[in-house]
Amino acid sequence: MSDAKIDSIRSSRENVRAVKEDLDDIRGAVRRGDFGIERRDAEIAAARTVIDAVNAPAELRDNLALFLRLVRKVLSEYDEDLRRSFDTLLVNAIAAGPDDASARIEELRVSEKGSPAGFVASIAAAIDSARTADAEKRSLNSFLQFVSKIDDLSVEKSTLLMRAFVTYFHLANLCEENYRVQSLRAREAAVPTTAAENPINDITVAYRQLIEECGEETARLCLKRLEFHPVFTAHPTEARRKTIEKRIRTISELLDERSQLGGIARLENERRMLEEIDALFRTSPIAHKKPTPIEEADTILNLFDTTLFEMIPSVYRRFDDWELGDAAGTVPPVCPPFFHPGSWIGSDRDGNPNVTARVSRKVAEKYRVHVLDALARATHDISRSLTLDGISTPPSDELAQLWSHQTEMSETLSSHAFDKAGSELHRATMRVISDRLNATIKRNSDLMYQNAEEYIADLRIVQDSLAKAGAVRAAYGPMQKIIWQAQTFGFHLVEMEFRQHSLVHTRALEDILEHGRAGEKGELDRMTHEVMDTFRAIGSIQRKNGINAARRYIISFTRSAEDVENVYKLARLSFSHEEDAPVLDVIPLFEQIEDLENAVTIMEKVIQLPDVQRRLAQTGRRLEVMLGYSDSSKDAGPTSATLVLHAAQAALAEWAEKNDIDLVLMHGRGGAVGRGGGPANRAVLSQPKGSVNCRFKLTEQGEVIFARYGDPTLACRHVESVAGATLLQSAPSVEHVNTDMTIKYASLAKELDHASQERFHTLLDTKGFAEWFSVVTPLTEIGLLPIGSRPAKRGLGAKSLDDLRAIPWIFSWSQARINLAAWYGLGTACEAIGDLGRLRAAYKEWPLFTTFIDNIEMSLAKVDTRIARLYLSLGDQAELSEMVLSEMALTRKWVLAITGNKWPLENRRVLGPVIRLRLPFVNVLSVTQVHALSELRIHKESLTPEERERFIYLILCTVSGVAAGLQNTG
């Protein structure tokens, strides 16, 4: 056994011993009636008793206990009776135990006075009563009593309590984020910085493995091709208000600084935390209205300001630090600007009538002004630091020419700059460059830059001049940073991608054919006008922000090459002169199973289109294809969707190689497992040979955006992790494993596909399923959440589940603690195979299957059969309920057997315990939600409008809380 393992075991034993000693002290105090201890100390003990019941890392437990104590203090100040109710529900939820625990614990009541010591005693006794002979019976009994207590609460009191639990979940998420940040910092601090040592940087690790396997020349070519292209979307899966996010960020900063404080400063830190937590509790978790698409764009601006603008060049620099060692920052960089952010916000009009051409123009302008302002300020800051005079750092001839050009362009700007800089010509030149960026914001035609390339060219002249004069640290330090920022964000900040349904294009062309391009033969339909104006908006954006700002156009539900051709036709018809049409890369999106299976056949015809051939010639035969994870999963179930998507990628990669196509696959993934969610780096490494090719593009949305990019340290880690995996996926060793194991387990894949899809369709095809689904989940109520400008339905005329978007489909099952969209059908498929040894071998050897099973296990960890039964009881179809519950049990049985775990995520040192720690808190919200749904469903006719409104608000509060607690939406 390794020393690290022994130390880990020893540490765990010490933690357990410390917890037992604390509990003994608490029990002794309770027996003696010694309640004279300070109330604050008792509250600390109460919080610790809850948290220490789970074997999570000590630092994480400390912060979780801190926030539980502070939430209870805020509640005490608000209403002592409310705090007692909070304690009661928590103790009862803990007593009810996790649905899968082998050790059951009985329900205990908090003492009538509700003192902190009484709370401690109740929890200590609940934990201590585990592993009794009648534990399972007691646990079920406790759960029923726990449900009964929630049923007895008034709507008003339930609402306040739910807001308290929602508050705690936001804080718990912060604790986990803080723990991850501190762990990353500790890991990095422990690693030597010399290039000879094993690096911690994932990109460096991947690059060195490529060198080892392929040689330096091939590795350099791969690095040069490297692209990570996250596309931020406005899909409504982030259930948090923006005002809530701001408070959470403030508390996060306070928590981060807390560990470095002591004495009165630490007390002041806690006072400020209480101030923010109190405000968090008193702020409604539900926004007053849905955001507009223009307001949704603020998500991108906030990310840019908070993390991306400063973090991305630091990612590039960190790679250079490892590769170049002491030379880093004194020589030209090795790392290419591989990060290319995209966005659907303000440009995705598929089923969203709120996104118009006018909106797209406004959003693009927000992006343009914001990034230019940031570049102007950064450029000005560099100019102030370049106090290098002409004696120590003589300017190059090229710089002198640039200065002359600037003087000719504007004597006012150049003389003002010279007055400030004197003989410091590098400084003066940079000041004029900064002023020209400000002129670009105002669209001053005499002074503005026409595009980002012109701006970067001027920066290069300054950089080269500094380098020639020997000021290499200035040249490849701050100057390289601003060049990296300009290369990454351009004058557009994000590359806007437009999306529309293929049917809309077909109808628009039919309308034009009937009425003429300008409506000469009659009035054109409003939608046709909007489609044509969209292409005009794209042209306008390209002229102002650059071609890359808006050249991609995605076609939802692509069924044929004609769907691609239609877009090019409409683009030309939208302008009086065809040459005015914008540059377009039209991207087919294959979403449903049949379309994915036919993708290669369709693409064969697509590349024969004259418009596509012209574009291929211009781009070096680069071509993008998008794959939809959401609708394919809703179409055939998660198992079949995973396998069909994998097969489609392999087929498209093989087709691209035969046709000399530089293929880029875009993955329309969501945050939830049912939408292709899960760790992105592992997903990359499990892709088929040739399907990544050093370029990875995916959608990032909802809570995933905040979780991955909200904190600079975690964002840096995420980008490095995905970029490293994108590089490593091209290593022969990785390609061979993916290829060989896909071939080896091809027959297994077919069996899994057939059995799981049949089971999934049996469920969905059962008569009355759609209506039943809307009754047993909060589907209707989720549609009332003001969390996005996009409707839950496409509105193209469908009247069944086909009309429902994948996000509310997955979100609803998640809220009902069933997560059906992530696992349904897998249990039946495994049972049909019946060979555990074969399935375990596949789990061990086949990366795709490993990732799939691990993601499902994570999803099952958040499932609760008892609560699921409460939701399913809202419907009146026992047959459907039994199908869901039996498949849940079967899937759980097989997943645990395959992974070898006793309970989901047992082998995950942090994630497993943390999720189990959350469940009692989530259960309070879930039971409250199902109770309120029951009132709405059963007493709908007898409720007054005011009563109905109160129940709906309560449900929406619990939806927000469950989403925060499970960290799953869509």
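Each residue of the sequence shown is one higher than the one before, starting from -3 at the first, in my numbering.
Note that beta-carbon positions come from the ideal geometry of N, C-alpha and C, so glycine has one too.
Buried or exposed (CB count within 10 angstroms, at least 16 for buried), residue i
{"i": "residue 140", "result": "exposed"}
{"i": "residue 832", "result": "exposed"}
{"i": "residue 814", "result": "buried"}
{"i": "residue 728", "result": "exposed"}
{"i": "residue 196", "result": "buried"}
{"i": "residue 547", "result": "buried"}
{"i": "residue 744", "result": "buried"}
{"i": "residue 554", "result": "buried"}
{"i": "residue 846", "result": "buried"}
Residue i versus residue j - alpha carbon distance
{"i": "residue 341", "j": "residue 496", "result": "13 Å"}
{"i": "residue 544", "j": "residue 765", "result": "45 Å"}
{"i": "residue 172", "j": "residue 74", "result": "27 Å"}
{"i": "residue 313", "j": "residue 856", "result": "40 Å"}
{"i": "residue 244", "j": "residue 339", "result": "25 Å"}
{"i": "residue 999", "j": "residue 725", "result": "This structure cannot speak to residue 999, because the chain is shown only from -3 to 966."}
{"i": "residue 260", "j": "residue 355", "result": "51 Å"}
{"i": "residue 524", "j": "residue 540", "result": "25 Å"}
{"i": "residue 158", "j": "residue 252", "result": "27 Å"}
{"i": "residue 558", "j": "residue 520", "result": "22 Å"}
{"i": "residue 389", "j": "residue 337", "result": "37 Å"}
{"i": "residue 826", "j": "residue 850", "result": "15 Å"}
{"i": "residue 258", "j": "residue 265", "result": "9 Å"}
{"i": "residue 922", "j": "residue 591", "result": "38 Å"}
{"i": "residue 80", "j": "residue 907", "result": "30 Å"}
{"i": "residue 812", "j": "residue 920", "result": "13 Å"}
{"i": "residue 934", "j": "residue 297", "result": "45 Å"}
{"i": "residue 437", "j": "residue 372", "result": "10 Å"}
{"i": "residue 885", "j": "residue 894", "result": "14 Å"}
{"i": "residue 384", "j": "residue 391", "result": "10 Å"}
{"i": "residue 398", "j": "residue 542", "result": "23 Å"}
{"i": "residue 853", "j": "residue 90", "result": "22 Å"}
{"i": "residue 531", "j": "residue 620", "result": "19 Å"}
{"i": "residue 215", "j": "residue 579", "result": "33 Å"}
{"i": "residue 321", "j": "residue 208", "result": "19 Å"}
Integer Cβ distance of residue i from residue j, believed to fall under 8 Å
{"i": "residue 768", "j": "residue 633", "result": "Going by Cβ atoms, the distance from residue 768 to residue 633 rounds to 18 Å, so no, they are not a contact pair."}
{"i": "residue 773", "j": "residue 809", "result": "6 Å"}
{"i": "residue 822", "j": "residue 887", "result": "5 Å"}
{"i": "residue 960", "j": "residue 165", "result": "4 Å"}
{"i": "residue 316", "j": "residue 716", "result": "Their Cβ separation, rounded to whole angstroms, is 13 Å, which puts residue 316 and residue 716 out of contact at 8 Å."}
{"i": "residue 472", "j": "residue 327", "result": "6 Å"}
{"i": "residue 475", "j": "residue 490", "result": "With 8 Å as the limit, residue 475 and residue 490 do not qualify as a contact, their Cβ atoms being about 24 Å apart."}
{"i": "residue 993", "j": "residue 661", "result": "Residue 993 is absent from the structure shown; the chain starts at -3 and stops at 966."}
Cβ neighbours of residue i in the same chain (closer than 7 Å, five flanking residues each side left out)
{"i": "residue 805", "result": "630, 817"}
{"i": "residue 332", "result": "219, 220, 222"}
{"i": "residue 270", "result": "66, 69, 70"}
{"i": "residue 407", "result": "none"}
{"i": "residue 309", "result": "477, 480, 481"}
{"i": "residue 951", "result": "774, 777, 925, 928, 929"}
{"i": "residue 28", "result": "Bear in mind that a pLDDT of 40 at residue 28, under 50, signals an unreliable position, so the model cannot answer this."}
{"i": "residue 957", "result": "158, 161, 162, 165, 921"}
Proximal residues to residue i (C-beta, below 6 Å), its chain only, five neighbours per side dropped
{"i": "residue 1034", "result": "The chain is shown from -3 up to 966; residue 1034 falls before or after that span and cannot be answered."}
{"i": "residue 824", "result": "751, 755"}
{"i": "residue 947", "result": "928, 931, 932"}
{"i": "residue 1", "result": "Residue placement at residue 1 is poorly supported in this model, since its pLDDT is 46, which falls under 50; the coordinates still yield a value, given next. For residue 1, where only same-chain residues beyond five positions count, there are no Cβ hits under 6 Å."}
{"i": "residue 735", "result": "685"}
{"i": "residue 444", "result": "435, 436"}
{"i": "residue 305", "result": "370"}
{"i": "residue 293", "result": "341, 342, 359, 362"}
{"i": "residue 36", "result": "Here the model assigns residue 36 a pLDDT of 47, short of 50, so the residue's position is not dependable and the matter cannot be decided."}
Cβ shell of residue i (< 8 Å), same chain only, five flanking positions each side left out
{"i": "residue 561", "result": "605, 607"}
Completely contained beta strand (DSSP E) runs for the region 212 to 298, where each covers 3 or more residues: If we require 3 residues or more, the beta strand (DSSP E) runs fully inside the region 212 to 298 come out as 223 to 228.
Return the chain-ordered ranges of every alpha helix (DSSP H) run that is complete within the region 853 to 930 and spans a minimum of 4 residues. Taking only runs of at least 4 residues, the alpha helix (DSSP H) segments lying wholly in the region 853 to 930 are 861 to 868, 874 to 895.
Beta strand (DSSP E) segments (min. 3 residues) lying fully within the region 516 to 587: 548 to 552, 581 to 586
What runs of the beta strand (DSSP E), each 3 residues or longer, lie entirely inside the region 640 to 691? 658 to 664
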